[in-house]
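Engineer: Sharing a structure here in structure tokens format.
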Amino acid sequence: MAAVDDAYDAAIRLKNQGDLDGAAKSLEAILVGYPEHVLTYSALAVILQKLGRHDEAIAHARKVTELEPHDSFSYTQMSVICQRCGRIAEAEEALARMRMMQASGMH
């Protein structure tokens, strides 16, 4: 697991240096070997949204909710990504899901 963590950290460094394309490519490469690495999907959702690749961003945010269905933050991120991509109905749906989870004591 150290290899995936190192690769993820390197991709985030690229993002922090302003190389969003490089970061996205690095994160996409991680998913080839680690197709269930939640942090990678989460980071890709944010980066792809910033790059204007909205459908891909939303797909990655949705994957986070599939991999972490009981984590209300997954739905919070999904809502934010959808809102920033102009998909308001989907944003509201994800936000409602998060609120239901919090009301039922799931975090």
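All the letters of the sequence shown, read from the start, carry residue numbers 1 to 107 under the UniProt record's numbering.
We put the beta carbon where it would ideally sit given N, CA and C, even for glycine.
If you measure between the beta carbons of THR40 and ILE47, is that distance less than 8 Å?
Structural biologist: no
Engineer: Roughly how many angstroms lie between the CA atoms of ASP55 and GLU28, to the nearest whole one?
Structural biologist: C-alpha separation (whole angstroms): 15 Å.
Engineer: Check whether the Cβ atoms of VAL64 and GLN77 lie closer than 8 Å to each other.
Structural biologist: If you check the CB distance, VAL64 and GLN77 come in under 8 Å.
Engineer: From ILE58 to ARG99, what does the alpha carbon distance come to, in whole angstroms?
Structural biologist: Looking at the two C-alpha atoms, the distance is approximately 19 Å.
Engineer: Are the CB atoms of VAL4 and TYR34 within a distance shorter than 8 Å?
Structural biologist: yes
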